[in-house]
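Only one structure is covered here, and it is reproduced in the block below.
Numbering (our numbering), first residue to last: 1140 to 1413.
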């Protein structure tokens, strides 16, 4: 699933679309997330509108328009949002196309876990997905005291805590493993045992792995490309994710893989504190 660095990379490569006018709307008619179809009528009302900004919170993208509404996009597991020439052949699993003059913005999603919706600008937090999100992982400062307070109220694993979008929005499975390794914390550790010092290390590690992935254009393991069709290079720089059996880059112990809450989890059994 595209996580914050991948979605932010898409956002940055969509910035050239600011000022472009929506000239047409096409949808496949198929349901996406929770079998919901994109709101065709509301999308078609935006024909003639211009894109004024491209924003992001967590894993959600928002394309503001010069009308009172914005287009919300979540890439789900396999979604791609790309700019194409109008004459380019449409890929299989294309579900939404916004005509933008000589170009098209196409949403392609093979597994159909993504979302395309229309929300009122200024009321984005009323959307059921956005409304639940905590502060964004790219916010200037992660509130360590607030994070620690939430951790001590829970009895879940540290990995599940980092993945909870209500705590910090945007961190997914890849960067949870990476941040926990960087902070030297075991994914199975219970959150109520988190010390203030460990919470500060974790907050710093989350920001470090996000910034590092952004510098590398995101992580492409299978599907991810940015709005220009470029794959990310961060898979070549991962410290622990998908490296089971390989030596830890800190202590040379073999990295282990386990399944935690149904998600593949990678960690060092020696230098990540239980």
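Glycine is no exception: its CB is placed at the ideal position from the N, C-alpha and C atoms.
Bear in mind that the values here come from a model prediction, so they are computed numbers and not experimental data.
C-alpha distance - residue i paired with residue j, whole-angstrom precision
| i | j | result |
| --- | --- | --- |
| residue 1238 | residue 1164 | 6 Å |
| residue 1245 | residue 1303 | 29 Å |
| residue 1209 | residue 1153 | 15 Å |
| residue 1189 | residue 1157 | 8 Å |
| residue 1381 | residue 1405 | 7 Å |
| residue 1203 | residue 1216 | 24 Å |
| residue 1115 | residue 1151 | Because the chain spans 1140 through 1413 in this model, residue 1115 falls outside it and cannot be assessed. |
| residue 1379 | residue 1389 | 10 Å |
| residue 1222 | residue 1243 | 6 Å |
| residue 1249 | residue 1362 | 10 Å |
| residue 1172 | residue 1367 | 24 Å |
| residue 1169 | residue 1182 | 15 Å |
| residue 1227 | residue 1335 | 53 Å |
| residue 1240 | residue 1398 | 47 Å |
| residue 1264 | residue 1236 | 25 Å |
| residue 1144 | residue 1315 | 12 Å |
| residue 1205 | residue 1231 | 31 Å |
| residue 1293 | residue 1180 | 43 Å |
Supposed close pair residue i, residue j - CB separation, criterion 8 Å
| i | j | result |
| --- | --- | --- |
| residue 1258 | residue 1266 | 5 Å |
| residue 1140 | residue 1311 | 6 Å |
| residue 1348 | residue 1317 | 4 Å |
| residue 1251 | residue 1273 | No, residue 1251 and residue 1273 are not in contact; Cβ-Cβ is about 27 Å, not under 8 Å. |
| residue 1403 | residue 1395 | About 11 Å; that fails the 8 Å criterion. |
| residue 1281 | residue 1307 | 7 Å |
| residue 1301 | residue 1287 | Actually they do not touch by this definition, with Cβ atoms about 13 Å apart. |
| residue 1218 | residue 1187 | No, residue 1218 and residue 1187 are not in contact; Cβ-Cβ is about 26 Å, not under 8 Å. |
Beta carbon of residue i nearer than 8 Å to that of residue j
| i | j | result |
| --- | --- | --- |
| residue 1161 | residue 1200 | no |
| residue 1309 | residue 1142 | yes |
| residue 1297 | residue 1353 | no |
| residue 1338 | residue 1290 | yes |
| residue 1233 | residue 1247 | yes |
| residue 1214 | residue 1198 | yes |
| residue 1371 | residue 1356 | yes |
| residue 1166 | residue 1177 | yes |
| residue 1330 | residue 1295 | yes |
| residue 1324 | residue 1341 | yes |
| residue 1376 | residue 1346 | no |
| residue 1400 | residue 1299 | yes |
With 16 other Cβ atoms within 10 Å as the buried cut-off, status of residue i
| i | result |
| --- | --- |
| residue 1146 | buried |
| residue 1365 | buried |
| residue 1225 | exposed |
| residue 1229 | exposed |
| residue 1387 | buried |
| residue 1358 | buried |
| residue 1411 | buried |
| residue 1344 | buried |
| residue 1413 | exposed |
| residue 1392 | exposed |
| residue 1148 | buried |
| residue 1195 | buried |
Proximity test, Cβ basis, 8 Å: residue i and chain D
| i | result |
| --- | --- |
| residue 1381 | The chain inventory of the structure shown lacks chain D, comprising one protein chain alone. |
Paired residues, beta bridge with residue i - DSSP
| i | result |
| --- | --- |
| residue 1210 | 1202 and 1257 |
| residue 1223 | 1243 |
| residue 1343 | DSSP lists no partner for residue 1343. |
| residue 1396 | 1405 |
| residue 1238 | 1163 and 1243 |
| residue 1324 | 1412 |
| residue 1275 | 1308 |
| residue 1386 | 1393 |
| residue 1196 | 1199 |
| residue 1190 | 1204 |
| residue 1233 | 1247 |
Any non-hydrogen atom of the ligand PLP within 7 Å of residue i CB
| i | result |
| --- | --- |
| residue 1388 | Looking for the ligand PLP in the displayed structure turns up nothing, as the structure carries no ligands at all. |
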